[in-house]
Structure formats: structure tokens, C-alpha cells
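Below you'll find the structure, written out as C-alpha cells, and then a few comments.
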Amino acid sequence: MRILLAEDDTLLGDGLRAGLRQLGFLVDWVRDGEAAERELRTQTHAAAVLDLGLPLKDGMEVLAALRRDGITVPVLVLTARDALPDRIRGLDLGADDYVIKPVDLHELAARLRALVRRSHGQPQEKLIAQDVTLDPAARSVEQRGSPVVLSGREFDLLHALMLNAGRVLSREQLEQHLYSWGQEVESNTIEVHIHHLRRKLGPGLIQTVRGIGYMLLREAPKA
Ligand code: CA
Numbered sequence: 179m180r181i182l183l184a185e186d187d188t189l190l191g192d193g194l195r196a197g198l199r200q201l202g203f204l205v206d207w208v209r210d211g212e213a214a215e216r217e218l219r220t221q222t223h224a225a226a227v228l229d230l231g232l233p234l235k236d237g238m239e240v241l242a243a244l245r246r247d248g249i250t251v252p253v254l255v256l257t258a259r260d261a262l263p264d265r266i267r268g269l270d271l272g273a274d275d276y277v278i279k280p281v282d283l284h285e286l287a288a289r290l291r292a293l294v295r296r297s298h299g300q301p302q303e304k305l306i307a308q309d310v311t312l313d314p315a316a317r318s319v320e321q322r323g324s325p326v327v328l329s330g331r332e333f334d335l336l337h338a339l340m341l342n343a344g345r346v347l348s349r350e351q352l353e354q355h356l357y358s359w360g361q362e363v364e365s366n367t368i369e370v371h372i373h374h375l376r377r378k379l380g381p382g383l384i385q386t387v388r389g390i391g392y393m394l395l396r397e398a399p400k401a
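Position in the sequence shown counted from 1, then plus 178, gives you the working numbering.
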């Protein structure tokens with residue numbers, strides 16, 4: 179899943195980006211509040227990690243502006259240990275969660291996964307559709323209890339479709355889930371990945387909606 183990281187501390191930002199990437203996240207990194215707000219307004223990220231002390235625009239102001247305009251992207255605030263009033267204010271302003279610095283990477287990743295899941299109305303840690311179970315933390319997929327080997331992109335694509343089961347996603351929306359800034363997107367890449375997913379998981383899981391995009395069916399279509 180693709181997230182926005184807003185952190186002006188180069189060392190911390192670099193470490194978080196590298197660590198989250200290793201755990202399977204796509205990370206776009208901005209270093210000031212104005213860039214963070216601009217990016218989050220495009221609504222292409224599944225969640226954001228927001229430092230509060232940012233140049234140009236404070237993290238609190240960014241959050242307040244987004245929520246005022248009805249932008250609901252899940253936001254996890256990074257906060258200093260002694261900044262309890264900040265934390266409370268952040269939650270009041272519409273932060274969904276917070277993590278205390280120094281950041282435990284695995285805790286951050288788990289909280290991000292939980293935020294994204296909840297924002298899609300998915301209470302369970304594992305996503306289930308038909309006979310397929312996807313485990314976002316382990317980045318693994320099983321079908322009828324047997325492991326299915328997917329490439330990283332195939333996994334990300336299936337993850338996006340399962341989070342949005344029953345909803346049609348356009349090719350552009352799916353590309354946004356799969357690629358961060360500066361990564362080249364080939365024109366038929368989504369079609370190719372869908373083709374591979376159908377070959378591995380069977381034809382009944384992902385429907386093509388002509389002229390619009392793709393939809394994953396939570397229940398098998400009735401014969
Ligand atoms: Ca800072």
C-alpha cells in the first residue's frame with residue numbers, strides 16, 4: 179500500500195522510508211507541510227505519517243485544513259514522548275492514531291495497516307474473499323489453505339482489490355496503489371498483473387467492468 183511520509187528530519191525520514199519499504203509499503207516522502215497538504219489533497223495515498231514540527235506549515239495546521247475540507251485519509255501523527263498536549267490536540271483535530279518518537283518501525287507498520295483496514299471498513303486483520311485469504315502483515319496469500327506465490331506487485335494489486343471488494347477500481351486508481359513517485363508505469367501493466375492473478379487464483383475472483391476497471395467479488399458468482 180502507498181503511503182505519504184511527511185518528515186523534515188533527513189535521517190529519520192530516510193530511515194522510515196527504507197524501513198517501511200522493506201516491510202512492503204510504497205513510500206512517497208515530503209519534507210514540509212505545504213507539500214504534505216498538496217499531496218494528501220490528491221487522495222492517492224492509503225494513509226499518511228505526519229510529523230507535527232514541519233517547515234512552511236505545521237503538521238497540526240495541515241491536518242486541520244484537510245479535515246475541514248472533508249478529506250478523510252487516515253493520518254498517523256509522529257510525536258515526541260513529552261508532547262502529551264500535542265497528541266491530544268492532534269486527535270481532536272482528526273488524527274487517527276499517533277506513534278511516539280523514537281519510532282518502532284514494526285509498531286508503525288502495524289498501526290498503518292490497522293488504519294488502512296479500518297478506513298475500508300475491514301475489522302479483521304486478514305482479508306477474505308471467496309476461498310482466498312490475504313494476510314497484509316505477512317504479505318502472504320492462501321487459497322483453500324494452500325499458499326499461493328505472488329510477485330510483490332501482484333500482491334499489492336490483490337490487496338487493493340480486496341480492501342475495496344465489491345467496488346470498481348479504475349486502471350488509474352490501481353496504478354496509484356502500485357507505484358510511487360518516479361516509478362515508470364508501462365501502459366498495459368495492470369492488465370498483465372490481473373491476467374497473472376486470474377491464472378494463479380482462478381477466473382471467478384476478479385471481474386472486468388468494461389470501460390471502467392476491475393472489481394473483486396467477495397462472494398463467488400452464482401452459477
Ligand atoms: Ca520535525
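Using N, Cα and C, we set each Cβ at its ideal position, and we do this for glycine too.
Please read these numbers as outputs of a predicted model, since none were measured by experiment.
- prompt: Hey, would you say the C-beta of L232 is under 8 Å away from at least one heavy atom of ligand 1?
  reply: Yes.
- request: Quick one: grab the DSSP three-state call for S324.
  value: S324: strand per DSSP, three-state reduction.
query: How about E185: is its Cβ closer than 8 Å to a heavy atom in ligand 2?
result: Annotation note on ligand 2: not contained in the displayed structure, which lists ligand 1 as its ligands.
query: In whole angstroms, what is the alpha-carbon distance linking P399 and G382?
result: 7 Å
query: What residue does the alpha helix (DSSP H) around I266 start on, and which one ends it?
result: That run of the alpha helix (DSSP H) goes L262 to D270.
Heavy atom of ligand 1 within 8 Å of D309 beta-carbon: Exclusion of D309 from the 8 Å shell around ligand 1 follows from its C-beta lying no nearer than that to any non-hydrogen atom of the ligand.
- request: Can you give me the Cβ contacts of L234 inside the same chain, cut-off strictly under 7 Å, excluding the 5 residues immediately before and after it?
  value: D210, G211 and E212
- prompt: Residues bridged to A226 by DSSP?
  reply: L182 and V253
field: Between the CA atoms of R216 and R322 - distance to the nearest angstrom
entry: 43 Å
query: Where does L356 fall in DSSP's three states?
result: helix
- prompt: Three-state secondary structure (DSSP) at Q200?
  reply: Three-state DSSP puts Q200 in a helix.
message: Can you check which of these residues, G231, I249 and R289, is closest to D264 by C-alpha distance?
response: G231
message: Using a Cβ-based criterion (distance less than 8 Å to any ligand heavy atom), does D229 qualify as near ligand 1?
response: yes
message: Considering Cα atoms alone, identify which of T257, G299 and K279 is closest to L269.
response: T257
message: Do D275 and L262 have their beta-carbon atoms positioned less than 9 Å apart in this structure?
response: no
- request: List the DSSP bridge partners of G391.
  value: S348 and V387
- prompt: S358 to L182, Cα distance in whole Å?
  reply: 10 Å
task: Leaving aside the five residues before and after V326 along the sequence, list all residues of the same chain whose C-beta is less than 6 Å from its C-beta, in chain order.
output: V319 and K378
Buried/exposed call for L189, threshold 16 Cβ in 10 Å: Its Cβ having fewer than 16 others within 10 Å, L189 is exposed.
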